[in-house]
Amino acid sequence: SLALAFAATAALAHNCPNEWKAIDAALPKAKLDAKQAEEVKKLRAEGEKLHKEGKHAESMATLGQAKKILKI
Numbered sequence: 003s004l005a006l007a008f009a010a011t012a013a014l015a016h017n018c019p020n021e022w023k024a025i026d027a028a029l030p031k032a033k034l035d036a037k038q039a040e041e042v043k044k045l046r047a048e049g050e051k052l053h054k055e056g057k058h059a060e061s062m063a064t065l066g067q068a069k070k071i072l073k074i
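Add 2 to a position in the sequence shown, counting from 1, and you land on the number used in my numbering.
Laid out in structure tokens, this is it:
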């Protein structure tokens, strides 16, 4: 069970950069108002910060919020 938890964390850690790359790619084309665009940028930066702190589940959740605003 511990190995499984570690594997899941490792998979999340690997996926965080893919998530923010998807956000970076979608943001310029997104039809967002200034407030939404600012929120996406804030969530994206927070997601990267959490990833670097080793908080991958939190990072994925934060990046997921940004993706929801972008509708991706």
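Think of the CB as a built atom: it goes at the ideal place given N, C-alpha and C, for glycine as much as any other residue. Owing to the predicted nature of the structure, the values given are computational and were not obtained by experimental measurement.
Cβ neighbours of residue i in the same chain (closer than 7 Å, five flanking residues each side left out)
i: TRP22; result: ARG46, GLY49, GLU50 and LEU65
i: ILE1; result: Beyond the ends of the chain as shown, which are 3 and 74, falls residue 1; an answer cannot be given.
Rounded straight-line distance, which links the Cα of residue j to that of residue i
i: PRO30; j: CYS18; result: 20 Å
i: HIS53; j: GLN38; result: 22 Å
i: LYS33; j: ALA27; result: 13 Å
i: GLU55; j: ASN20; result: 17 Å
i: ILE74; j: LYS57; result: 22 Å
6 Å CB neighbourhood of residue i in its chain, flanking five on each side removed
i: ALA36; result: none
i: LYS44; result: none
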